[in-house]
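Student: Numbering (this note's numbering), first residue to last: 4 to 588. The structure's right below; bear with me while I get my questions together.
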Amino acid sequence: MQRPSRVTLVLILAAGCAGHGRSPTAAPAPAKLHAGVVVAPEPHAAKVGADVLAAGGNAVDAAIAVAFALAVTFPSAGNLGGGGFMLVHREGEADVAIDYRETAPAAATRDMFLDARGEPSPGESLRTHRAAGVPGTVAGMWLAHRRFGTRSWGALVAPAITLAEGVTLEAKVAERLASVAQAPETPPRFRALFFGGGGRVAQPELAATLRRIAERGAGGFYRGETARLLAEEMRRGGGLVTEQDLAAYLPVIRRPVEGRYRGRRVVSMPPPSSGGAILLQMLAMLEPFDPARLGPGSAAYVHLVCEIEKRAFADRSVWLGDPDFVDVPLAGLIAPGYARARIAGFDPARRTDPAAILAGALTPSGLPRPTRRGVERTQPAGDREKAETTHFSIVDRHGGAVANTTTLNDGFGSRIVVKDAGFLLNNEMDDFSVKPGARNLYGVIGGERNAIAPRKRPLSSMSPTFVYDAGGALKLVLGTPGGPTIFTTVFQVIVNRFDFAMPLGRAVAAPRFHHQWPPPSNGRDPIRAEALDPPVAAALAALGYSIETRSIGDVQAIEIDRARRVATGAADPRGSGVASREPAR
């Protein structure tokens, strides 16, 4: 069932948001902050954003400049050829979500990645031209600028052009880029573009593409020379994205999803991201418990959260998809009564076998009715939770804020560089349910609602998030990469900050863990964890869990102290990010 056209949808939603005026839950506008802050995963891009703020730009202006800079300096996830989600806060107005997620090409078909036996064809949805969806990043930034921008579009793209002409990459970025470039399966054009000495990279083709964007806005990407080059690349490689697909792409303004946690309003991204809904559901499941009494990192706390995560992932697999194509029972999923019912069977002394966890069926009362859905036992995904996606957070001196998460899906997307245009293609088609019940790149199960269809947006886990204080003022701006660990990571940072009363930097740096339903086919019940004390690991093993050690996420967060008129950034020590503050005035 397809909804109204995207043009109609954009116009309707834009008009609706424009008519919101002052949010009924917004706090009175506070005094200006002393300085704005940009927290980004790469230093060059963070400085670009801080410079925009210092020149008088607002948070959205800075976000646009940071996004284009990351397309140059953070090629594993920053992009022109991908997509993402932006959450925008302006004092005295309702928050806005900009959905610039990639879409399936018009020629895409439901079973396009299945072999003659009806099984997923290995690698087809990851390392081929057919893996690419229609990019949304440039259109998303263009929409944000037309709606909220105050500085010249060309001036916001200009820093990225300068960087593309030649930049020494941050050490961790250069190290990973060199590693991928030298891999035998990496395409020659990628290797020729990125494998240089000393981390110094010049990208003249990308600079030319950025100049077309600077001169013509979204038209410089979706029409004309860049569109022609992208379509030619697709034809050479057997891809599906056409010039008509590019010309038809539109971002969508959506109403954010929101709920409450211990008196605080939490606002996040709605579908086609699963992130916001599942984050709110998890917080609502935790609400009846007292994490502070259990203690951070304790076996009791880890067990409780893993049981919450199992139920959340089961619901994600069945109920979520692109709301322009399928009915998503969003209100029911995030209802506190539903969440309490989902966790009602929790036993602190017993682990629930994930195979016994069922997605809840929503009824008029909001209570779950168990329902079985087929789960195909396929091989678990490998260690993929690295920097495939990226997030940055911005607060300006007027109290405006942006939380933006953007992605190519896998690290460097498909690793296919568009000839003569210099940017990487995404492999977002893998985020669809290639076959309902089968696992994707991240080992996540998807259902019928996330099946491939032309012009449809694949389900995501990206969770750009705002947290408000009890008085209604914006308190926290955050997000992270990490595939399906995204919303579980945002969840833990929120709990660390408000339940465990950790300062923001410690809340971001604290060791994280993750549980993902359904279990792998080998019958183990693994917890992915960064660090667990030996007695904690032993207690969890006694419950029947196994432990897999790996790094999780790369959070970029900002906290606002209204009384002191200060915004403080916290970049995750796991990555190469920094907090860059504009000079105080």
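Backbone N, C-alpha and C fix where the C-beta goes; we use that ideal spot for every residue, glycine too. If you're wondering where the values come from, they're calculated on a predicted model, not measured in any experiment.
Pull up the CB-CB distance for GLY580 and ASP557, whole angstroms please, since I reckon it's below 8 Å.
Tutor: For the purposes of this step, residue 580 is taken as the residue at position 577 of the sequence shown. For the purposes of this step, residue 557 is taken as the residue at position 554 of the sequence shown. Right, their Cβ atoms sit about 7 Å apart.
Student: Can we say the segment 286-296 touches the segment 461-473, given the rule of at least three CB pairs closer than 8 Å?
Tutor: With the cut-off at 8 Å, the segment 286-296 and the segment 461-473 do not touch.
Student: Taking DSSP as the reference, what is the three-state secondary structure of ARG314?
Tutor: By 1-based counting over the sequence shown, the position of residue 314 is 311. Of the three classes helix, strand and coil, the one that applies to ARG314 here is helix, per DSSP.
Student: Report the residue ranges of all beta strand (DSSP E) runs contained in full by the segment 393-417; include only those spanning at least 3 residues, in chain order.
Tutor: Fully enclosed beta strand (DSSP E) runs of 3 or longer: 404-410.
Student: Which residue comes first and which comes last in the beta strand (DSSP E) that contains GLN185?
Tutor: Counting from 1 along the sequence shown, the entry for residue 185 is found at position 182. Run containing GLN185: none in the beta strand (DSSP E); it sits in the alpha helix (DSSP H), 174-185.
Student: Beta strand (DSSP E) containing GLY335: first to last residue?
Tutor: Locating residue 335 in the sequence shown gives position 332, where the first residue counts as 1. Taken as a continuous stretch (DSSP letters only), GLY335 belongs to no beta strand (DSSP E), being part of the alpha helix (DSSP H) at 333-337.
Student: Can you say whether SER271 is buried or exposed, counting buried as having 16 or more other CB atoms within 10 angstroms of its CB?
Tutor: Within the sequence shown, numbered from 1, the residue matching residue 271 stands at position 268. Counting Cβ neighbours within 10 Å, SER271 comes out buried, since at least 16 surround it.
Student: So for VAL69, helix, strand or coil by DSSP?
Tutor: In the sequence shown, counting from the first residue as 1, residue 69 sits at position 66. Reduced to three states, the DSSP call for VAL69 is helix.
Student: Leaving out five residues on either side along the sequence, give the residues of the same chain with a beta carbon under 7 Å from the beta carbon of ILE311.
Tutor: Along the sequence shown, one-based indexing puts residue 311 at 308. Same-chain partners within the cutoff: MET285, MET288, LEU289 and ILE346.
Student: Can you name the start and end residues of the alpha helix (DSSP H) that PRO46 belongs to?
Tutor: By 1-based counting over the sequence shown, the position of residue 46 is 43. Looking at the DSSP string, the run of the alpha helix (DSSP H) that includes PRO46 is 46-57.
Student: Does the Cβ of GLN247 have 16 or more other Cβ atoms within 10 Å, making it buried, or fewer, making it exposed?
Tutor: Start at 1 with the first residue of the sequence shown, and residue 247 comes out as number 244. That one is exposed.
Student: Drop a sphere of 10 angstroms on the beta-carbon of ARG375, count the other beta-carbons inside from all chains shown, and report buried for 16 or more, exposed for fewer.
Tutor: On the sequence shown, residue 375 is found 372 positions in, with the first residue counted as 1. For ARG375, the pLDDT reaches just 33, beneath the cut-off of 50, and the residue's location in the model is therefore unreliable, although a value from the coordinates is still provided. Its Cβ having fewer than 16 others within 10 Å, ARG375 is exposed.
Student: When the Cα atoms are used, what is the spatial distance from LYS478 to LEU146?
Tutor: As a working mapping, residue 478 is identified with position 475 in the sequence shown. As a working mapping, residue 146 is identified with position 143 in the sequence shown. The alpha-carbon atoms of LYS478 and LEU146 are separated by roughly 26 Å.
Student: Note down, in chain order, each residue of its chain lying with its Cβ closer than 8 Å to the Cβ of LEU129, except the 5 sequence neighbours on either side.
Tutor: As a first step, residue 129 is located in the sequence shown; it is residue number 126 there, counting from the start. Once the five neighbours on either side are set aside, the close Cβ partners of LEU129 are ASP413, SER417, ASN430, ASP433 and LEU444.
Student: Could you tell me if GLU218 is buried or exposed, where buried requires 16 or more neighbouring beta carbons within 10 angstroms of its beta carbon?
Tutor: Residue mapping note: residue 218 aligns to position 215 of the sequence shown, counting from 1. So GLU218 counts as exposed.
Student: So THR571 is in the beta strand (DSSP E); what residue range does that whole segment cover?
Tutor: Position 568 of the sequence shown, counted from the first residue, corresponds to residue 571. Counting along the chain, the beta strand (DSSP E) containing THR571 begins and ends at 569-574.
Student: To which residues of the same chain is PRO351 closer than 8 Å at the C-beta, ignoring the five residues directly before and after it?
Tutor: Position 348 of the sequence shown, counted from the first residue, corresponds to residue 351. Only ALA303, HIS306 and LEU307 meet the Cβ criterion.
Student: Between the alpha carbons of SER79 and GLY227, how many angstroms are there, rounded?
Tutor: To locate residue 79, count along the sequence shown from 1; it is residue 76. To locate residue 227, count along the sequence shown from 1; it is residue 224. Approximately 26 Å between the Cα atoms of the pair.
Student: Below 8 Å between beta carbons: does that hold for HIS401 and LYS35?
Tutor: Residue 401 sits at position 398 when you count from the first residue of the sequence shown. Residue 35 sits at position 32 when you count from the first residue of the sequence shown. Yes, the pair counts as a contact, with Cβ atoms nearer than the cut-off.
Student: In the DSSP output, what is TYR264 paired with across the bridge?
Tutor: One-based indexing of the sequence shown puts residue 264 at position 261. Partner(s): ARG267.
Student: Would you list, in sequence order, the uninterrupted beta strand (DSSP E) runs of no fewer than 3 residues that lie entirely inside the segment 69-108?
Tutor: Listed in chain order, they are 86-92 and 99-103.
Student: If we call anything under 8 Å between Cβ atoms a contact, is GLY169 one with ALA135?
Tutor: By 1-based counting over the sequence shown, the position of residue 169 is 166. By 1-based counting over the sequence shown, the position of residue 135 is 132. It is not a contact, given that the beta carbons lie outside the stated cut-off.
Student: Any contact of the segment 64-81 with the segment 112-119, i.e. 3+ C-beta pairs under 8 Å?
Tutor: The answer is no - the segment 112-119 does not touch the segment 64-81, with fewer than three Cβ pairs under 8 Å.
Student: Do LEU209 and TYR225 have their C-beta atoms within less than 8 Å of each other?
Tutor: As a working note, residue 209 is residue 206 in the sequence shown. As a working note, residue 225 is residue 222 in the sequence shown. No, the pair does not count as a contact, with Cβ atoms beyond the cut-off.
Student: Comparing C-alpha positions only, which one of HIS148, ASP528, PHE88 and SER320 sits nearest to ALA544?
Tutor: On the sequence shown, residue 544 is found 541 positions in, with the first residue counted as 1. Answer by Cα proximity: ASP528.
Student: Contact defined as beta carbons within less than 8 Å: I believe VAL480 pairs with PHE469. What is the distance between those atoms, to the nearest angstrom?
Tutor: Numbered from 1 along the sequence shown, position 477 holds the residue referred to as residue 480. Numbered from 1 along the sequence shown, position 466 holds the residue referred to as residue 469. 6 Å between Cβ atoms; contact.
Student: Let me check one thing: in DSSP terms, what residues is ASP564 bridge-paired to?
Tutor: Taking the first residue of the sequence shown as position 1, residue 564 is located at position 561. ASP564 is bridged to VAL569.
Student: The alpha helix (DSSP H) with LEU159 in it runs from where to where?
Tutor: As a first step, residue 159 must be located in the sequence shown, where it is residue number 156. It spans 156-167 - the alpha helix (DSSP H) in which LEU159 sits, taken as one unbroken run.
Student: Going by beta-carbon coordinates alone, are ILE555 and ARG515 separated by less than 8 Å?
Tutor: Sequence index remark: in the sequence shown, residue 555 carries index 552 (1-based). Sequence index remark: in the sequence shown, residue 515 carries index 512 (1-based). In this structure, ARG515 lies closer than 8 Å to ILE555 by Cβ.
Student: I'd like the list of long-range same chain contacts for ASN82, defined as Cβ closer than 8 Å, with 5 residues on each side in sequence excluded.
Tutor: Residue 82 sits at position 79 when you count from the first residue of the sequence shown. Excluding sequence neighbours, ASN82 sits near LEU73, ALA74, PRO138, THR140, THR409, THR410, LEU411, GLY416, PHE426, LEU427 and ASN429.
Student: What do you get for THR491, buried or exposed, if any count of 16 or more other CB atoms within 10 angstroms of its CB means buried?
Tutor: The residue given as residue 491 occupies position 488 in the sequence shown. Buried, by the Cβ-count rule.
Student: Does the beta-carbon distance from ALA109 to ARG458 come in below 8 Å?
Tutor: Position 106 of the sequence shown, counting from 1, holds the residue named residue 109. Position 455 of the sequence shown, counting from 1, holds the residue named residue 458. Yes, Cβ-Cβ distance for ALA109 and ARG458 is below 8 Å.
Student: Does GLU551 come out as helix, strand or coil in the three-state DSSP assignment?
Tutor: Numbered from its first residue, the sequence shown carries residue 551 at position 548. GLU551 falls in the strand class under three-state DSSP.
Student: Here's the rule I'm using: 16 or more other beta-carbon atoms within 10 Å means buried, otherwise exposed. How should ASP325 be labelled?
Tutor: By one-based count along the sequence shown, residue 325 stands at place 322. Buried, by the Cβ-count rule.
Student: For THR229 and GLY85, I'd like the C-alpha separation in whole angstroms.
Tutor: Here residue 229 corresponds to residue number 226 of the sequence shown, with the count starting at 1. Here residue 85 corresponds to residue number 82 of the sequence shown, with the count starting at 1. Answer to the nearest angstrom: the Cα atoms are 15 Å apart.
Student: Would you mind giving the Cβ-Cβ distance between ILE550 and ALA532, rounded to the nearest angstrom? I have them listed as a contact below 8 Å.
Tutor: Here residue 550 corresponds to residue number 547 of the sequence shown, with the count starting at 1. Here residue 532 corresponds to residue number 529 of the sequence shown, with the count starting at 1. Correct: roughly 6 Å between the Cβ atoms.
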